[in-house]
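Read through the structure below, which is laid out as structure tokens, and then see the notes.
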Amino acid sequence: MDAIEVIRAKRDGGELTAAQIDWVIDAYTNGGVADEQMSALAMAILLNGMDRREIAVWTQAMIRSGERMDWSALDRPTADKHSTGGVGDKITLPLAPLVAACGAYVPQLSGRGLGHTGGTLDKLESIPGWRASLSNDEMLHVLREAGAVVCAAGSGLAPADKKLYALRDVTGTVESIPLIASSIMSKKIAEGTGSLVLDVKVGSGAFMKTTETARELAETMVALGTDAGVRTVALLTAMDRPLGLAVGNALEVEEAVEVLAGGGPADVVELTVRLAREMLAAAGVSGKDPARALADGSAMDAWRRMIAAQGGDPDALLPRAAETATVQAPASGVLTRLDAYAVGLAAWRLGAGRARKEDPVSAGAGVTLHAKPGDTVREGQPLLTLHADEADRFERALEALEGGYAVAPADAERLPLVIERVTAG
Ligand code: URA
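Numbering (full-length UniProt numbering), first residue to last: 1 to 425.
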């Protein structure tokens with residue numbers, strides 16, 4: 001086989017054969033296809049697409065590039081959730097222990113934040129002592145101890161995707177539905193979960209800006225999971241405004257703990273409970289209702305066991321940023337818009353996110369919301385509090401928020417929190 005022939009075939013709008021895809025993924029992983037050749041192919045795929053057959057073959061080839069985890073030693077079904085990423089999306093934190101408390105095992109491999117979206121591992125690392133890197137044996141130990149584990153994917157899992165994702169990130173080839181779907185699903189299938197619920201975000205703070213593109217991504221991923229024997233469903237959920245009232249690392253852990261204590265913002269509670277019910281149904285586990293497990297403290301108990309089993313202190317005080325600044329409501333009326341992307345960008349500029357993979361993040365930085373779209377506000381009341389370790393970060397964060405919120409005499413229409421459910425077939 002020849003890389004140039006494969007690139008030309010896709011450049012000219014053709015379909016790649018299974019043999020071509022298997023060869024190119026294998027050769028790229030092992031260094032036989034150069035980065036510049038793979039980036040040309042990724043751009044050809046972004047421009048000309050791949051059909052469902054090609055995407056399925058591509059995904060399977062990426063899975064085969066590394067190990068496939070196996071949880072058959074466990075005595076109950078496994079379920080996982082994947083979010084395509086958003087602003088204030090701390091749902092994994094209460095959800096994983098909640099589903100464990102209701103009777104399924106949750107083996108979750110998570111990622112770090114890049115750009116304006118946060119990463120689950122960065123959030124959990126604000127808990128003193130907590131460790132993201134675990135061996136497979138340690139993962140099994142935490143699962144048996146707490147019912148849920150959230151950790152980083154090891155280097156042996158879908159190495160083709162690791163290499164390709166880093167390349168896409170610097171070649172303008174992230175925003176391709178076939179490449180996003182195969183990237184996410186190769187990792188989730190290799191992770192070995194028996195069932196999977198996908199939370200596909202829609203809106204300014206998400207990869208997918210419209211319901212139509214989010215639906216196409218969801219349908220593609222649900223088909224890939226189902227064909228690989230993983231019971232998979234997807235929800236399209238709103239990311240035109242931030243989720244909850246906290247955006248940042250330690251700030252989001254605090255909000256997740258409020259939810260586990262039976263409180264927390266209504267949207268975070270609603271989505272956590274809805275996703276938990278979907279995960280339990282997909283895993284075929286019935287019995288305890290998630291709303292009851294939040295109210296009776298059993299989800300909180302599972303959280304404490306999970307954090308402690310990964311070296312964290314669930315009672316430790318979380319880091320706080322040294323400096324704060326307040327954004328006030330410009331007028332009295334209804335907060336009609338608080339844009340997820342603007343708030344995510346502000347949190348990123350405050351230090352909560354990173355520009356390059358190797359950059360550190362600030363545990364305490366971020367944004368606290370004092371009102372959500374639909375709330376009545378008075379002129380001059382605090383709308384947002386910005387948190388940063390250094391006061392000189394505020395200026396650029398405030399620039400990010402310019403035009404990102406609006407107060408009007410009457411409310412505007414917004415996406416519902418859960419927009420649509422996508423299932424196989
Ligand atoms: N997340 C992934 O893991 N891969 C993508 O391509 C996009 C988001």
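Where is the CB? At the ideal position from N, CA and C, for every residue including glycine.
Would the C-beta of residue i count as close to the ligand URA, meaning under 6 Å from any of its heavy atoms?
i    : result
S110 : no
I55  : no
I180 : yes
I184 : yes
What does the Cβ neighbour count give for residue i, buried or exposed, with the cut at 16 atoms within 10 Å?
i           : result
R396        : exposed
residue 427 : No information on residue 427 is available, as it lies outside the stretch 1 to 425 that the chain covers here.
L386        : buried
V197        : buried
G85         : buried
Q60         : buried
Q328        : exposed
E125        : buried
G311        : exposed
Q20         : buried
E278        : buried
Q108        : buried
P409        : exposed
K357        : exposed
L47         : exposed
E219        : buried
V142        : buried
N249        : buried
S332        : exposed
V202        : buried
T326        : exposed
P360        : exposed
How is the beta strand (DSSP E) around residue i delimited, first residue to last?
i    : result
Q381 : Run containing Q381: none; DSSP gives neither H nor E here.
A406 : 405-408
D80  : 79-83
Mind checking which residues open and close the alpha helix (DSSP H) that includes residue i?
i    : result
A153 : It is not in any alpha helix (DSSP H) - A153 carries neither H nor E in the DSSP assignment.
E252 : 250-260
R168 : 159-169
I91  : Where I91 is concerned, there is no enclosing alpha helix (DSSP H), given that its DSSP letter is neither H nor E.
W23  : 18-29
R8   : 3-11
R396 : 394-401
DSSP has residue i in a bridge; who is on the other side?
i    : result
P107 : V149
A325 : L386
A246 : T368
V418 : T237
V334 : T376, A408
State yes or no: is the C-beta of residue i nearer than 6 Å to some heavy atom of the ligand GDP?
i    : result
P319 : The ligand GDP is not part of this structure, which contains only the ligand URA.
query = Which whole runs of the alpha helix (DSSP H) in the region 268-310 are 4 residues long or more, in chain order?
reply = Assignment of alpha helix (DSSP H) within the region 268-310, counting only whole runs of 4 or more residues, yields 290-295, 298-309 in chain order.
task = Give, in chain order, every unbroken run of the beta strand (DSSP E) that is at least 3 residues long and sits entirely within the region 183-241.
result = As for any beta strand (DSSP E) of minimum length 3 sitting wholly inside the region 183-241, the runs are 195-202, 231-238, ordered along the chain.
task = Just list the beta strand (DSSP E) runs in the region 343-375, keeping only unbroken ones of 3 residues or longer that don't cross its boundaries, in chain order.
result = Scanning the region 343-375 from its first residue to its last, the whole beta strand (DSSP E) runs of 3-plus residues come out as 366-369.
key: Complete runs of the beta strand (DSSP E) confined to the region 46-73 [at least 3 residues]   = None, since the region 46-73 contains no complete beta strand (DSSP E) of that length.
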